[in-house]
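Sequences listed follow chains A and B, in order.
As numbered in this note's numbering, residues 1 to 639 make up the first sequence, in order.
As numbered in this note's numbering, residues 1001 to 1639 make up the second sequence, in order.
Everything on this sheet refers to the single structure shown next.
Protein chains: 2
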Amino acid sequence: MENINSRFQMKDTFFSELEEKIRKVVLPYQEAVLRDEVEGVAKSHAIDNFRAAAEMLREGSCKEEFYGMVFQDSDVAKWLEAAAYSLQLCPDAELEAHCDEIIDIVAAAQHEDGYLNTYFTVKEPGRRWTDLSECHELYCAGHMMEAAVAYADATGKTKLLDVMCKFADHIYDHFIIKGNPGFPGHEEVELALLRMYRKTGEEKYKELAAHFINARGDGGAFFKKESAERGWFLWGKDPAAPEYNQTHLPVREQKDAVGHAVRAVYLYTGMADLALETGDEELKQACRNLYQSITRKRMYLTGGIGSAYEGEAFTTDYHLPNDTAYAETCAAVGLCFFLRHMLRMEKKGEYADVMERALYNGVLGGMQLDGKRFFYVNPLEAVPGTSGVAASMRHALPERPGWFACACCPPNVARLLGSVAEYAYSVEDGALYQHLFLGGTIDMEKEFGGKVTVECDYPRSGHILYTFAPDGAEPMDVKLAVRIPGYAKKVQILRNGSVFVPDIEDGYAYIQGLFRAGDSLIVNVDMSARRVYPNRHIAADTAKIAFLRGPLVYCAEGTDNDGDVLGLRVSRTAPIRELPGEAPDGMPMLTVAGSRIETSDELYSFDAPEKEPVVIKLIPYYTWGNRGLNEMRVWIPKE
Amino acid sequence: MENINSRFQMKDTFFSELEEKIRKVVLPYQEAVLRDEVEGVAKSHAIDNFRAAAEMLREGSCKEEFYGMVFQDSDVAKWLEAAAYSLQLCPDAELEAHCDEIIDIVAAAQHEDGYLNTYFTVKEPGRRWTDLSECHELYCAGHMMEAAVAYADATGKTKLLDVMCKFADHIYDHFIIKGNPGFPGHEEVELALLRMYRKTGEEKYKELAAHFINARGDGGAFFKKESAERGWFLWGKDPAAPEYNQTHLPVREQKDAVGHAVRAVYLYTGMADLALETGDEELKQACRNLYQSITRKRMYLTGGIGSAYEGEAFTTDYHLPNDTAYAETCAAVGLCFFLRHMLRMEKKGEYADVMERALYNGVLGGMQLDGKRFFYVNPLEAVPGTSGVAASMRHALPERPGWFACACCPPNVARLLGSVAEYAYSVEDGALYQHLFLGGTIDMEKEFGGKVTVECDYPRSGHILYTFAPDGAEPMDVKLAVRIPGYAKKVQILRNGSVFVPDIEDGYAYIQGLFRAGDSLIVNVDMSARRVYPNRHIAADTAKIAFLRGPLVYCAEGTDNDGDVLGLRVSRTAPIRELPGEAPDGMPMLTVAGSRIETSDELYSFDAPEKEPVVIKLIPYYTWGNRGLNEMRVWIPKE
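What follows is the structure in structure tokens.
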């Protein structure tokens, strides 16, 4: 798998701004939080935990106690990974120095034998590897491995990579050579070990990833045994139901996406990646089945997954409540991870369609436009006074809170957005694949003999311009595969102004030919806003419509609609108007005719409600909750 | 307050059958469960707990342990109370002998000093009165007091009443004379003490009820103090939020119905009853405010209350989700208790309208038609495969389960239905009030000089016939107040065949005059089915309609609609047909034109769904779930 970041120069009207926001706001803010320098937010202590662990190793005791979640280490790891992507996109000596300092702190917390986890070093020495079910040791290891690979890619520095190789060797020793049973309760290390394998070429990392994936699926027997033998408990004696952490069936037999949604998609990511590395057809088919389960039965329109707060989990087919949705930001991030590997497996535009939907809605909606606040939970309907307040809806906040104690989502968003080019492009079989539309210049010297520049104003516009810069006088021999989005009613391709008819296969337009400096290729994607209709089995969406424009899901928010969204009914047929730049973040606003109902103060009445015609205003879902407390609805009842 | 049961002979086409079902099926089955004689259901041990407590008192130890919930005693109490009503309606020597035997067992478990609670006697001796917050001592006491009063009313036997007077005296001694602080975490004893007061004339029981009601509302301070001092814990160290058990504000300042719905309405029942006994205007106004909060903002169409499983509780205004509704059967029962006293307070037809709605839907829906299974939770929408299965919906079963470990609802239904005449009639200021339509003969010799017989086939028909049987040759001097139901478009009254125009005030028709044998009075209530529209703030009911016929809420169930309810859309204007006897339990079925939508297998589609016209069939809500696993919806989207 190519590392795209290293040959890509981003210049995009949408993601460059996001990248800058992450570099200038998100990363510094999160670093300050990790260092406990921000007043008025939940204490993190994540970096001090590493300091304490190092002190414990040096002195045999330490002054400060461990603080935070059992997976607190992963916050540092995800921040480091996001910082690495940022450094790759935009070198910054100061940020790099900060990273180096933090890496030194992390490295000092590593045991002689390679083990690295501050919770166990500081708080539970002697209890290593005794609670794989809930203690997240392998999860934290995985995140730090990902950071190590990304940091080595970005800077060429291998100190953290060396640390994590040593830890990976230790894990290999424990589980493979010594033959201790088990696999992680929260998947993550599998996909990370595969990244380590590709970075280092070390076969045993792939072997270890395969081991953890293949050991999974004993119906919960191992976690039950582990719990019975352990005699100490983090969160209670009984392990979770086996579905919760996807141990209900061997992975190749899993057909329904179940349990904790983040764990699920992290597992599926590892499965897809492993299947690609090994050519395991049965594992590939399991990935396809799980993809089908998610996208045909268990996914919100926004690409959000996990219908229930309880277990942060998938529930049942078509159970997609809008107001109590969990749809954790991290789960949408993880869905992008999974789909990226599905796209490596087979070039099917629908994988990219879903990935794009999740990215522009389920992921981006998690972050306040100013980059300072985050949603953990992403409902598709919010009612002030009830959302975040009613007992069954405490999780579904109607506004983004500040940093929270379990701070998994903010750095996850940062690391995905920082590496978005890896999702937008791939170079495979000598061809440049464009899965998502992202402006910039990509070095294709080796394959095409020059550079390709992509200019666009996506997702505001569907006009995508490709220009070419051959290395010398010879034309470039270009092999381009551009995704034709599933949402587009039509797509037109122009080569030097003339209509070009490409081969289209499974949602990709294959364009091959010689291109010179000054030649142009234009892809015009019809972005017109469209009505979307839910499957009839989705009880929560009955008789409602949603609106999409390009990859963006739209919603009605109170502030644009006289403070009342629940009273809106939308026309089934009226044309949808687009008002460029009128929505937050400079996005097009949509308007469509409809009506507003009025009822008496009675709770239930024999009198039909009164109606008055209104123009309903819609904004992109990812921009909701940025203008105070408001009613919000993605799915709007029909007139 | 008159005891109606003692002067009423029920002969009703609807409730007589229910009474027989309770007598022949429900009471024997529940007794067998209480005696642990039923295989395959959760063990009760409730009667054995009393035996064990008696043994403990006799021997200083006991062979069997306490088993069950901390409030297990109340199951016996509620059964005894229901049995008492049954005996009053239909004497039965065998049932009475069983009751006497159980009363002997209960009496033997009473301590010398009057204290009676098997949990503390057997399991926690020495810890009496140290966890008023959760240990339900006063709650259990209250239920046994209610049983004692009912049994004395029914049989004239006072053994249980004597036992409970002794216990009430003990409680008075503890809280009033000795001045120990506190009040019950689960309200019930307040309303029970007022019944004891009316039965015995003992002023101190009224004083004690007033004490518990007035002591309430310290913002949770007492329960917090109690927990801190106690050092032992039933269900966790931190007491519930003060709203949970209505201790957030002094009762006279409470305006919103909050917290555990059953606790709430039991409290409000005691408040209303006390206000009536003392003439406390401030307390009356608080009851009116709470009534308003429930009925204008926080009640399902079925009279169900409690929107959330979490805390079995009220949530926020207009938060009335249909599929995750809690709407506990006991809460609807308790709402009837409360409204009965509101009707004593002031004759307003709307109190009776709501009480009737709760009775015929929220309460009756709790019981399987065969009387053998019960719903604890009463959702207004059920989707097989998701209801009772999805993590957030485990409580909302789509079919009634058998007996459950926390068996509060079945005997609560039985005791309400067994005493339904007390809710249907009252004799006040020399007038006979008919709040609900219930056939039978009521002895009005003292007031009118004869008997009044009511014949009706309610709620199948709205034709109510009154005939009169004077004691002698003199005509009866009748003063009748008949409720004019709020659902009726019109009501016609005929006296001996001629239209009679009564005084109508606040939903009651006042009819006064001399009636002889052979005279008739007919009240024709228009029962025509009607569409009901939800308040626009109820997000869950947006753009949906429900159907009422008389007091009955209707619903669509899969079995009548080709297995598919989610796909139904109902006409806004088509006439509603009534098919007598076609619905379960011999009730009228409603049919109305509509359509059924079909969609592709895609989860979301750009194609509008296909429609075909259908006739939608509707059955009374209380009869749902009697014909296998089915989709069910009360609120149906409009076409």
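C-beta: ideal position from N, C-alpha, C; glycine also.
Legend entry - Where B/K1297 meets chain A, residues with beta-carbon distance less than 7 Å: Residue numbering aside, residue 1297 of chain B sits at position 297 when the second sequence is read from its first letter. Per Cβ cutoff of 7 Å: L603.
Inset, instruction - Please name the residue in B/L1480, B/K1255 and B/G1385 whose C-alpha comes closest to that of B/A1509. - result: Taking the first residue of the second sequence as position 1, residue 1509 of chain B is located at position 509. Per the Cα distances, B/L1480.
Inset, instruction - Spell out whether any CB of chain B is found under 8 Å from the CB atom of A/L104. - result: Stepping through the first sequence from its first residue, residue 104 of chain A is reached at position 104. Looking at the sequence shown, residue 104 of chain A is not Leu but Asp. Nearest CB-CB separation between A/D104 and chain B: not below the 8 Å threshold.
Legend entry - Assumed close pair A/G507, A/G349 - CB separation to whole angstroms, cut-off 8 Å: Within the first sequence, residue 507 of chain A is the residue found at index 507, counting from 1. Within the first sequence, residue 349 of chain A is the residue found at index 349, counting from 1. That pair is a contact at about 2 Å.
Inset, instruction - State the Cα-Cα distance for the pair A/T599 and B/I1538, rounded to the nearest angstrom. - result: Your numbering for residue 599 of chain A matches position 599 in the first sequence. Your numbering for residue 1538 of chain B matches position 538 in the second sequence. So the alpha carbons of these two residues sit roughly 11 Å apart.
Inset, instruction - For A/D607, decide whether its Cβ has a neighbour in chain B, counting only Cβ atoms nearer than 8 Å. - result: For the purposes of this step, residue 607 of chain A is taken as residue 607 along the first sequence, with counting starting at 1. Yes - at least one Cβ of chain B is within 8 Å of the one on A/D607.
Inset, instruction - Please check if any C-beta of chain A sits within less than 8 Å of the C-beta of B/T1599. - result: Here residue 1599 of chain B refers to the residue found at position 599 of the second sequence. Yes, its Cβ sits closer than 8 Å to a Cβ of chain A.
Legend entry - Beta-carbon proximity check, B/L1514 vs B/D1477, cutoff 8 Å: Mapped onto the second sequence, residue 1514 of chain B falls at position 514. Mapped onto the second sequence, residue 1477 of chain B falls at position 477. A contact, by the Cβ cut-off of 8 Å.
Inset, instruction - State yes or no: is the C-beta of A/K78 within less than 8 Å of the C-beta of A/H143? - result: The residue labelled residue 78 of chain A in the question sits at position 78 within the first sequence. The residue labelled residue 143 of chain A in the question sits at position 143 within the first sequence. In this structure, A/H143 lies closer than 8 Å to A/K78 by Cβ.
Legend entry - Range covered by the alpha helix (DSSP H) that runs through A/E55: Start at 1 with the first residue of the first sequence, and residue 55 of chain A comes out as number 55. Its alpha helix (DSSP H) spans residues A46 to E59.
Legend entry - Own chain residues within Cβ distance below 7 Å of B/I1047, not counting five before or after: Taking the second sequence and counting its residues from 1, the one referred to as residue 1047 of chain B is at position 47. Counting only Cβ-Cβ distances below 7 Å, and skipping sequence neighbours, we find L1034, R1035, V1076, I1102 and I1105.
Inset, instruction - Less than 8 Å between the CB atoms is what I'm expecting for A/G311 and A/E19, so what's the real figure, rounded? - result: Taking the first residue of the first sequence as 1, we reach residue 311 of chain A at position 311. Taking the first residue of the first sequence as 1, we reach residue 19 of chain A at position 19. About 34 Å separates the beta carbons of A/G311 and A/E19, which is beyond the 8 Å limit, so they are not a contact pair.
Legend entry - Range covered by the alpha helix (DSSP H) that runs through B/V1262: In the second sequence, residue 1262 of chain B corresponds to position 262, counting from 1. Counting along the chain, B/V1262 sits inside the alpha helix (DSSP H) bounded by residues A1261 to T1278.
Legend entry - Contact list for the region 502-523 of chain A against chain B, Cβ threshold 7 Å: Here the close residues number zero.
Inset, instruction - Check whether the region 39-59 of chain A touches the region 104-119 of chain A, counting contact only when three or more Cβ pairs, one atom from each stretch, lie closer than 8 Å. - result: Yes, the region 39-59 of chain A touches the region 104-119 of chain A.
Legend entry - Close Cβ partners of A/K244 (< 6 Å) along its chain, the five nearest in sequence each way excluded: Position 244 of the first sequence holds residue 244 of chain A. Strictly speaking, residue 244 of chain A in this sequence is Tyr, with Lys absent from that position. Sequence-distant partners of A/Y244 (beyond 5 residues in either direction) whose C-beta falls short of 6 Å from its own C-beta, in its chain, are G259, H260 and G311.
Inset, instruction - List the residues of chain A that B/V1532 touches, going by C-beta distances under 9 Å, in chain order. - result: Your numbering for residue 1532 of chain B matches position 532 in the second sequence. Using a Cβ-Cβ cut-off of 9 Å, B/V1532 is close to Y604, S605 and F606 of chain A, given in chain order.
Legend entry - Exposure label - A/I176; buried when at least 16 CB within 10 Å: Residue mapping note: residue 176 of chain A aligns to position 176 of the first sequence, counting from 1. By the 10 Å Cβ count, A/I176 comes out exposed.
Inset, instruction - For B/L1080, name the three-state secondary structure that DSSP assigns. - result: Your numbering for residue 1080 of chain B matches position 80 in the second sequence. The DSSP-derived three-state label of B/L1080 is helix.
Inset, instruction - May I ask you to list, following chain order, the residues of the region 532-560 of chain A that have a beta carbon less than 7 Å from some beta carbon of chain B? - result: Residues passing the 7 Å Cβ filter: V532, Y533, P534, N535, R536, H537, A539, T542 and A543.
Inset, instruction - Can you check the region 548-586 of chain A for any beta strand (DSSP E) of at least 3 residues that lies completely inside it and give the ranges in chain order? - result: Counting whole runs of 3 or more residues, the region 548-586 of chain A contains the beta strand (DSSP E) stretches 552-557, 568-570 and 577-579.
Legend entry - Sub-8 Å separation of B/A1556 and B/K1617 beta-carbons: Along the second sequence, read from residue 1 onward, the residue named residue 1556 of chain B stands at position 556. Along the second sequence, read from residue 1 onward, the residue named residue 1617 of chain B stands at position 617. Closer than 8 Å, so yes.
Inset, instruction - At 9 Å on the CB atoms, spell out the chain B contacts of A/Y309, in chain order. - result: The residue given as residue 309 of chain A occupies position 309 in the first sequence. Under the 9 Å cutoff, chain B gives A1391 and S1392.
Legend entry - A/V25 versus A/P91: straight-line alpha-carbon distance, rounded: What you label residue 25 of chain A is simply residue 25 of the first sequence in a count that begins at 1. What you label residue 91 of chain A is simply residue 91 of the first sequence in a count that begins at 1. Cα-Cα distance, rounded: 16 Å.
Inset, instruction - With distances taken Cα to Cα, identify the nearest neighbour of B/Y1351 among B/R1400, B/K1225 and B/C1287. - result: Position 351 of the second sequence, counted from the start, is the residue given in the question as residue 1351 of chain B. If we check each option's Cα against that of B/Y1351, B/C1287 comes out closest.
Inset, instruction - Determine the extent of the beta strand (DSSP E) in which A/D526 is found, giving its start and end residues. - result: As a working mapping, residue 526 of chain A is identified with position 526 in the first sequence. Here A/D526 belongs to no beta strand (DSSP E), and DSSP marks it neither H nor E.
Legend entry - Length at least 4, wholly inside the region 1388-1420 of chain B: the alpha helix (DSSP H) runs in chain order: Restricting attention to alpha helix (DSSP H) runs no shorter than 4 residues, the region 1388-1420 of chain B encloses them at 1409-1418, ordered along the chain.
Inset, instruction - With B/M1164 as the anchor, note down where its alpha helix (DSSP H) starts and where it stops. - result: Position 164 of the second sequence, counted from the first residue, corresponds to residue 1164 of chain B. Run containing B/M1164: K1159 to Y1172, per the alpha helix (DSSP H) assignment.
Legend entry - Any chain A beta carbon closer than 8 Å to B/A1574: By one-based count along the second sequence, residue 1574 of chain B stands at place 574. No, B/A1574 lies away from the interface with chain A (no Cβ there is under 8 Å from its Cβ).
Inset, instruction - Could you check what DSSP says for B/Y1351 in three-state terms: helix, strand or coil? - result: For the purposes of this step, residue 1351 of chain B is taken as residue 351 along the second sequence, with counting starting at 1. Of the three classes helix, strand and coil, the one that applies to B/Y1351 here is helix, per DSSP.
Legend entry - Segments of 4+ residues assigned as alpha helix (DSSP H) that fall wholly inside the region 109-160 of chain A: You should have 137-155.
Inset, instruction - Measure the CB-CB distance between B/L1234 and B/P1184 and report whether it falls below 8 Å. - result: Walking along the second sequence from the start, residue 1234 of chain B turns up at place 234. Walking along the second sequence from the start, residue 1184 of chain B turns up at place 184. Taking the C-beta atoms as reference points, B/P1184 is found no nearer than 8 Å to B/L1234.
Inset, instruction - May I ask you to report which of helix, strand or coil DSSP gives A/Y309? - result: Here residue 309 of chain A refers to the residue found at position 309 of the first sequence. For A/Y309, the three-state secondary structure derived from DSSP is coil.
Legend entry - C-alpha distance - B/P1398 paired with B/V1383, whole-angstrom precision: Mapped onto the second sequence, residue 1398 of chain B falls at position 398. Mapped onto the second sequence, residue 1383 of chain B falls at position 383. Whole-angstrom Cα-Cα distance: 7 Å.
Inset, instruction - Determine the closest residue to B/A1414 out of B/S1086, B/G1270, B/P1609 and B/E1064, with distance taken between C-alpha atoms. - result: One-based indexing of the second sequence puts residue 1414 of chain B at position 414. That would be B/S1086, whose Cα lies nearest to the Cα of B/A1414.
Legend entry - Residue from A/D100, A/A488, A/T118 and A/R394 with nearest C-alpha to A/Y326: Along the first sequence, one-based indexing puts residue 326 of chain A at 326. Closest option to A/Y326, Cα to Cα, is A/R394.
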